[in-house]
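Letter by letter, the sequence shown follows residues 249 to 371 of this note's numbering. The structure appears below as structure tokens.
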Amino acid sequence: MSASPVLLRRLGIAGVCLVSLALCCGLAWWQWERFSSASGTFQNLGYVLQWPLFGLFPAFMFWRISKLRRRAAEADAQETMAETAVPEVPAPRRRRAPVPPPPEDDELAAYNRYLRELNARDK
Numbered sequence: 249m250s251a252s253p254v255l256l257r258r259l260g261i262a263g264v265c266l267v268s269l270a271l272c273c274g275l276a277w278w279q280w281e282r283f284s285s286a287s288g289t290f291q292n293l294g295y296v297l298q299w300p301l302f303g304l305f306p307a308f309m310f311w312r313i314s315k316l317r318r319r320a321a322e323a324d325a326q327e328t329m330a331e332t333a334v335p336e337v338p339a340p341r342r343r344r345a346p347v348p349p350p351p352e353d354d355e356l357a358a359y360n361r362y363l364r365e366l367n368a369r370d371k
């Protein structure tokens, strides 16, 4: 019996996450050794704290992507259920009388006349 492609993909992702964590923990150990030596600096100590976080990042992204996919599937299911429900009949719309334009401001009218004059001069 063959394994499903989804299971194989998940096992592959889990394997990559474990290899990443092991590699980054090894690098953290190396940086700890460098910090403990006579030439070690606090920068090495900072790397000791950062490398395990870098190693956990692929696992976090796998968890986050699967969570977002689950949410999207739930939203699609709810949307599908909403589409199959009986739609509500909208109330008839009432026609409104056209709204007259607001009276033009005297200052704005003078400015528009000035712009028309400038345009006429350019032509």
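By construction, the Cβ of each residue, glycine as well, lies at the ideal position given by its N, Cα and C atoms.
- Taking the CA atoms as reference points, P338 sits about 49 Å from I261.
- Taking a C-beta distance under 8 Å as the contact criterion, S268 and G294 do not qualify as a contact pair.
- Where S268 is concerned, the enclosing alpha helix (DSSP H) starts and stops at 253-284.
- For a cut-off of 8 Å, the C-beta gap from C272 to W299 is around 5 Å, short enough to register as a contact.
- By the neighbour-count criterion, in which 16 or more other beta carbons inside 10 Å mark a residue as buried, V264 falls on the exposed side.
- Here the alpha carbon of L366 sits roughly 19 Å from the alpha carbon of D354.
- The residue from L266, A320, Q326 with its alpha-carbon nearest to that of P306 is L266.
- The criterion of a C-beta distance shorter than 8 Å is satisfied by A276 and V296.
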